[in-house]
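In our numbering, the protein residues as written are 3 to 115. Below is one structure, written out as C-alpha cells; the observations come after it.
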C-alpha cells in the first residue's frame with residue numbers, strides 16, 4: 003500500500019514538473035560572445051516568454067541523453083538555472099546539428115576549465 007501511495011505521489015510530481023517545463027527556442031550562435039568568458043567561442047541563446055529578446059546562457063548541461071530527446075540544464079547569467087527537454091520530433095531535420103553543437107560545446111568547456 004505504501005508503495006502505491008509513493009508511486010502516485012511521484013507520478014503527480016512528475017506531471018506537475020512536466021507541465022512547468024519551459025517552452026522556448028534554444029539556438030547556438032557561433033558569433034556571439036560567450037557569457038562564460040572570452041576563451042569560449044560562441045554561445046547558447048534561450049528565447050522564451052520570459053526572455054523574448056533572448057538571453058545568452060552561461061552554460062548548457064546535457065543531464066540525460068536518450069538519443070531522441072535530451073534533458074538540459076540551462077544556466078543563465080542571473081544565477082538561475084532551469085530544466086528543459088529538447089525533442090527530436092520538434093525539428094528532426096536539424097536534430098543532428100543540435101547534438102553536434104551541444105557535444106562540441108561541452109567538450110570545449112571541459113577542456114578550458
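Glycine is no exception: its CB is placed at the ideal position from the N, C-alpha and C atoms.
Let's see if you can read the secondary structure: which residues bound the beta strand (DSSP E) around residue i?
i          : result
residue 82 : Counting along the chain, residue 82 falls outside any beta strand (DSSP E), and DSSP gives it neither H nor E.
residue 44 : 43-50
residue 75 : 71-77
Quick one: grab the DSSP three-state call for residue i.
i          : result
residue 5  : helix
residue 90 : helix
residue 17 : helix
residue 22 : coil
Exposed or buried, which one is residue i when buried takes at least 16 other CB atoms within 10 Å?
i          : result
residue 20 : exposed
residue 32 : exposed
residue 72 : buried
Starting from the Cα of residue i, find the closest Cα among the options and give me that residue.
i          : options            : result
residue 84 : 43, 9 and 50       : 50
residue 69 : 88, 78 and 8       : 88
residue 80 : 106, 10, 92 and 57 : 57
Using a Cβ-Cβ cut-off of 7 Å (strictly less than) and excluding sequence neighbours within five positions of residue i, which residues of its own chain qualify?
i          : result
residue 76 : 48, 59, 62, 83, 84 and 86
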